[in-house]
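**Student:** After the structure tokens below, expect a handful of questions from me.
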Amino acid sequence: MGYEGHSGCTAEVISVGGRWVVVAAGEVDSHTAPRLDTAVQQAVTRQPGQLIVDLSAVEFFDSSGMNVLVRALRQAGRVLVVAPRPVRRVVEVTGLSTVFALFDDVDAAVASAVAHTNG
Amino acid sequence: MRHPEGMRHPDSPRRPEGAAHKAATGGGQRSLEDLHIEFRARSEELQRVRALLRAWLAGTSLGPDRAYDLLLAVNEACSNSVEHGHRGDGRTVVLHASAAHSIRIAVSDSGTWRAPRADEEIDRGRGLPMMNALMPGTRVVSGADGTTVEFVVSPAAESRSDSDTGQWPRRSSADQP
């Protein structure tokens, strides 16, 4: 994916196992969070109900990124986040660990979404 | 990538008045020059500011997790200065970091943080609580000349493990703007 120092952040919507997943990489801050927000809005529109956001390639994540996730939570019933350490830290310190379903990899998140739908 | 004139590493010869001086060695910190950054209050500057700060923090005795927490907290202060202090008008924000017996980082702008509107409270009010959660000694001083956020990390606190955030010493409570 070729992320380097000043390339900022990329965010796109891809299909994984038949589910739409927002995949972001790089640094999410107040400048780049709108890109994540755009991708989240696309995914929520295509597939309301459960939103999967794969942030495993995100290296920096601040309150602007959290704001995007919180907004998503008001639109999707359930927000599943694949969260590497930089993201987990922010989720922890903002006291929001219990409102998002956190996962270590996207396969686990997709499996959970499927189970949640079928169960 | 633009390199605004005001943004420079302390290695650069030009210094603003009353700013950087060489930090004394002591308290477990290696001798490390102050970091002084002046940047335009625009969100696109934040990534460069973080890159400079991240490199500077690597020269301190902070462990990587603690350094990341401090980076996160300072980033929130810088974002607030851009968004609330200056509302992205491109005026100057000043970050000054020193590591003498403790690490001190101050972020100053010449604006006054406006109180968030009710509908902004939810989306934008996360910055200051986050700074306080990451760095319980965070001080915010807001006056007629602007707002300064100051973070102080004392060397005694660095031996803590990364999970016991609750034991982080509370140096002073944050002064609300």
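Protein chains in written order, with this note's numbering: chain A, 1 to 119; chain B, 1 to 177. Glycine is no exception: its CB is placed at the ideal position from the N, C-alpha and C atoms.
Between B/Asp119 and chain A, is the shortest Cβ-Cβ distance under 8 Å, so that the two count as touching?
**Tutor:** Bear in mind that a pLDDT of 49 at B/Asp119, under 50, signals an unreliable position, so the model cannot answer this.
**Student:** If you draw a straight line from the alpha carbon of B/Arg126 to that of A/Ser63, how long is it in whole angstroms?
**Tutor:** So the two alpha carbons sit approximately 6 Å from each other.
**Student:** Answer yes or no: does any C-beta atom of chain E fall closer than 8 Å to that of A/Glu59?
**Tutor:** Any reference to chain E falls outside this structure, whose protein chains are A and B.
**Student:** Does the beta-carbon of A/Arg46 have 16 or more other beta-carbons within 10 angstroms, so that it is buried, or is it exposed?
**Tutor:** Its Cβ having fewer than 16 others within 10 Å, A/Arg46 is exposed.
**Student:** So the candidates are B/Leu95, B/Ser110, B/Ala144 and B/Met135; which of them puts its Cα closest to the Cα of B/Arg56?
**Tutor:** Before going further, note that residue 56 of chain B is Trp rather than Arg in the sequence given. Of the listed residues, the one whose Cα sits closest to B/Trp56 is B/Leu95.
**Student:** Hey, A/Leu80 and A/Val91: beta-carbon distance below 8 Å or not?
**Tutor:** For A/Leu80 and A/Val91, no; Cβs fall outside 8 Å.
**Student:** At a Cβ threshold of 8 Å, is B/Asp123 touching chain A?
**Tutor:** Low per-residue confidence applies at B/Asp123: pLDDT is 46, beneath 50, and the placement is therefore not dependable enough to give any value.
**Student:** Quick check on B/Ser61: does DSSP put it in helix, strand or coil?
**Tutor:** Three-state result, B/Ser61: coil.
**Student:** Here's a check: name, in chain order, each residue in its chain whose Cβ is nearer than 7 Å to the Cβ of B/Leu134, leaving out the five neighbours to either side.
**Tutor:** So the list reads Asp69, Leu72 and Ala73, once near-sequence residues are dropped.
**Student:** Can you give, in chain order, each stretch of the beta strand (DSSP E) that sits fully within the stretch 72-101 of chain A and has at least 3 residues?
**Tutor:** Fully enclosed beta strand (DSSP E) runs of 3 or longer: 78-82.
**Student:** Chain B partners of A/Pro86, CB-CB under 9 Å?
**Tutor:** Near A/Pro86 (Cβ distances below 9 Å), the residues of chain B are Tyr68 and Leu72.
**Student:** Would A/Gly17 pass as a contact of A/Val110 if the rule is Cβ separation under 8 Å?
**Tutor:** It is a contact, given that the beta carbons lie within the stated cut-off.
**Student:** Against chain A, with Cβ distances strictly below 8 Å, would B/Ser79 count as a contact?
**Tutor:** Yes, B/Ser79 lies at the interface with chain A (some Cβ there is under 8 Å from its Cβ).
**Student:** To which residues of the same chain is A/Asp105 closer than 8 Å at the C-beta, ignoring the five residues directly before and after it?
**Tutor:** Once the five neighbours on either side are set aside, the close Cβ partners of A/Asp105 are Ser56 and Val82.
**Student:** Can you tell me whether B/Thr25 is buried or exposed? The criterion is at least 16 other CB atoms within 10 Å of its CB, across all chains shown.
**Tutor:** Note on B/Thr25: pLDDT 41, under 50, position unreliable in the model; the coordinate value appears next. Exposed: under 16 other Cβ atoms inside 10 Å.
**Student:** Under the rule that 16 or more other beta-carbon atoms within 10 Å means buried, what is A/Pro179, buried or exposed?
**Tutor:** Lying before the first or after the last residue shown, residue 179 of chain A is absent from chain A, which here runs from 1 to 119.
**Student:** Please list, in chain order, the chain A residues whose beta carbon lies closer than 8 Å to that of B/Ser43.
**Tutor:** Ordered by position in chain A, the residues that pass the 8 Å Cβ test against B/Ser43 are Asp29, Ser30 and His31.
**Student:** Using the three-state DSSP reduction, which class does B/His96 fall into: helix, strand or coil?
**Tutor:** The answer is strand: DSSP assigns B/His96 an E or B state.
**Student:** Can you pull out the residues from the stretch 124-153 of chain B whose beta carbon lies closer than 8 Å to at least one beta carbon of chain A?
**Tutor:** Listed by position along the chain: Arg124, Arg126, Gly127, Pro129, Met130, Ala133 and Leu134.
**Student:** How big is the Cα-Cα spacing for B/Gly59 and B/Arg40?
**Tutor:** Straight-line Cα distance between these residues: approximately 25 Å.
**Student:** Report the residues of the stretch 89-115 of chain A with a CB closer than 8 Å to any CB of chain B, ordered along the chain.
**Tutor:** Flagged, chain order: Arg89, Val90, Val93, Thr94 and Gly95.
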